[in-house]
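See structure below.
Residue numbers (this note's numbering): 32 to 233.
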């Protein structure tokens with residue numbers, strides 16, 4: 032599959048094209064799990080018109096990428112949005128808007144069941160993806176072909192998965208609740224980055 036690499040920030044023509052879309056699938060690859068101390072190695076974006084876009088962070092602030100995240104007119108679709116957005120917002124101090132998350136949708140659709148991206152794609156789309164590159168070195172300047180293929184697959188199938196999950200949620204009269212959960216993600220992100228405890232706990 033053809034893809035485009037952007038260094039430091041989205042190229043102007045890429046930003047112009049993606050910002051016209053109503054939905055863009057997003058993901059990130061990191062050096063570890065702790066958003067306070069680990070690094071972002073790669074950010075992946077996908078729309079049907081643009082194809083896969085791979086953004087390699089550098090020392091510069093990705094102004095256009097941040098603008099995309101903060102646009103309310105374009106929905107940013109993640110799997111486990113809170114994981115990716117904690118890293119992104121902590122590094123670049125931004126306020127993402129209009130977020131959707133297939134992990135949140137899956138937890139509403141079937142509480143307690145497994146909800147990894149690999150399991151959901153197999154269950155809903157009959158698609159098998161490999162996760163063997165998940166823990167590889169994503170901060171390397173020279174990513175391997177296997178790493179690039181893995182990174183692309185993580186965003187390529189997200190729109191289809193979201194469509195399947197939303198169909199199920201509509202059928203079970205959970206669509207509005209799912210929307211409200213996703214609408215809450217930017218607020219939850221600010222609470223987490225601000226170091227606040229669970230404000231809903233006793």
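Ideal placement from N, C-alpha and C gives every residue a C-beta, glycine not left out. Since the structure is predicted, the reported quantities are computational estimates derived from the model, not experimental observations.
In the DSSP assignment, find the beta strand (DSSP E) that holds residue 125 and state where it starts and stops. Within the chain shown, residue 125 is the residue found at index 94, counting from 1. Judged by DSSP secondary structure, residue 125 falls outside any beta strand (DSSP E); it is assigned neither H nor E.
Quick one: grab the DSSP three-state call for residue 209. Within the chain shown, the letter at position 178 stands for residue 209. Residue state, collapsed to three classes: helix.
Just to confirm the assignment, what range does the alpha helix (DSSP H) spanning residue 190 have? One-based indexing of the chain shown puts residue 190 at position 159. Looking at the DSSP string, the run of the alpha helix (DSSP H) that includes residue 190 is 189–202.
Rounded C-alpha distance that separates residue 94 from residue 156: As a first step, residue 94 must be located in the chain shown, where it is residue number 63. As a first step, residue 156 must be located in the chain shown, where it is residue number 125. Going from the Cα of residue 94 to the Cα of residue 156 covers about 35 angstroms.
Between the alpha carbons of residue 225 and residue 182, how many angstroms are there, rounded? Here residue 225 corresponds to residue number 194 of the chain shown, with the count starting at 1. Here residue 182 corresponds to residue number 151 of the chain shown, with the count starting at 1. Taking C-alpha positions only, residue 225 is separated from residue 182 by approximately 30 angstroms.
Let me know the secondary structure DSSP gives residue 136 once reduced to three states. Looking up residue 136 in the chain shown gives position 105. Assigned with DSSP and collapsed to three states, residue 136 falls in helix.
Limits of the beta strand (DSSP E) - the one that residue 58 falls within: As a position in the chain shown, residue 58 is number 27, starting the count at 1. Looking at the DSSP string, the run of the beta strand (DSSP E) that includes residue 58 is 54–61.
Euclidean distance between Cα positions of residue 220 and residue 120: As a first step, residue 220 is located in the chain shown; it is residue number 189 there, counting from the start. As a first step, residue 120 is located in the chain shown; it is residue number 89 there, counting from the start. Residue 220 and residue 120: Cα-Cα distance of roughly 8 angstroms.
Helix, strand or coil for residue 131, going by three-state DSSP, please let me know. Taking the chain shown and counting its residues from 1, the one referred to as residue 131 is at position 100. Three-state DSSP puts residue 131 in a strand.
Is it buried or exposed for residue 211, if we count other Cβ within 10 angstroms and need 16 for buried? The residue you call residue 211 lines up with position 180 of the chain shown. Classification for residue 211: exposed.
Span of the alpha helix (DSSP H) around residue 44: Position 13 of the chain shown, counted from the first residue, corresponds to residue 44. Run containing residue 44: 43–49, per the alpha helix (DSSP H) assignment.
Am I right that residue 69 and residue 61 are in contact with their C-beta atoms under 8 angstroms? What's the rounded C-beta distance? Residue 69 sits at position 38 when you count from the first residue of the chain shown. Residue 61 sits at position 30 when you count from the first residue of the chain shown. Going by Cβ atoms, the distance from residue 69 to residue 61 rounds to 5 angstroms, so yes, they are a contact pair.
Would you kindly work out how many angstroms separate the C-alpha atoms of residue 41 and residue 77, rounded to a whole number? Counting from 1 along the chain shown, the entry for residue 41 is found at position 10. Counting from 1 along the chain shown, the entry for residue 77 is found at position 46. For residue 41 and residue 77, the gap between their C-alpha atoms comes out near 12 angstroms.
Extent of the continuous beta strand (DSSP E) run through residue 38: For the purposes of this step, residue 38 is taken as residue 7 along the chain shown, with counting starting at 1. Per DSSP, the continuous beta strand (DSSP E) segment holding residue 38 begins and ends at 35–38.
Counting Cβ pairs closer than 8 angstroms, one from the stretch 169–179 and one from the stretch 130–145, do we hit at least three? Segment contact: the stretch 169–179 against the stretch 130–145, fewer than three CB-CB distances shorter than 8 angstroms; contact not assigned.
Going by other Cβ atoms of all chains shown within 10 Å of its Cβ, with 16 needed for buried, is residue 227 buried or exposed? Here the question's residue 227 lines up with position 196 in the chain shown. Only exposed fits residue 227, as fewer than 16 other CB atoms lie within 10 angstroms of its CB.
If you reduce the DSSP assignment to three classes, tell me which class residue 149 lands in. In the chain shown, counting from the first residue as 1, residue 149 sits at position 118. If DSSP states are grouped into helix, strand and coil, residue 149 belongs with the helices.
Nearest CA to the CA of residue 96: which residue from 151, 39, 118? Start at 1 with the first residue of the chain shown, and residue 96 comes out as number 65. Between residue 96 and the set 151, 39, 118, the nearest pair of CA atoms involves 39.
Quick check on this structure: which residue in 133, 112, 189 has the alpha carbon closest to the alpha carbon of residue 158? For the purposes of this step, residue 158 is taken as residue 127 along the chain shown, with counting starting at 1. Closest in C-alpha terms to residue 158, from the list 133, 112, 189, comes 189.
Buried versus exposed, by CB contacts within 10 Å (16 or more), residue 107: Walking along the chain shown from the start, residue 107 turns up at place 76. Using a 10 angstroms sphere on the CB of residue 107, the tally of other CB atoms reaches 16 or more, which defines it as buried.
Check whether the Cβ atoms of residue 126 and residue 101 sit closer than 9 angstroms, and answer yes or no. Counting from one through the chain shown, the residue named residue 126 turns up at place 95. Counting from one through the chain shown, the residue named residue 101 turns up at place 70. Yes.
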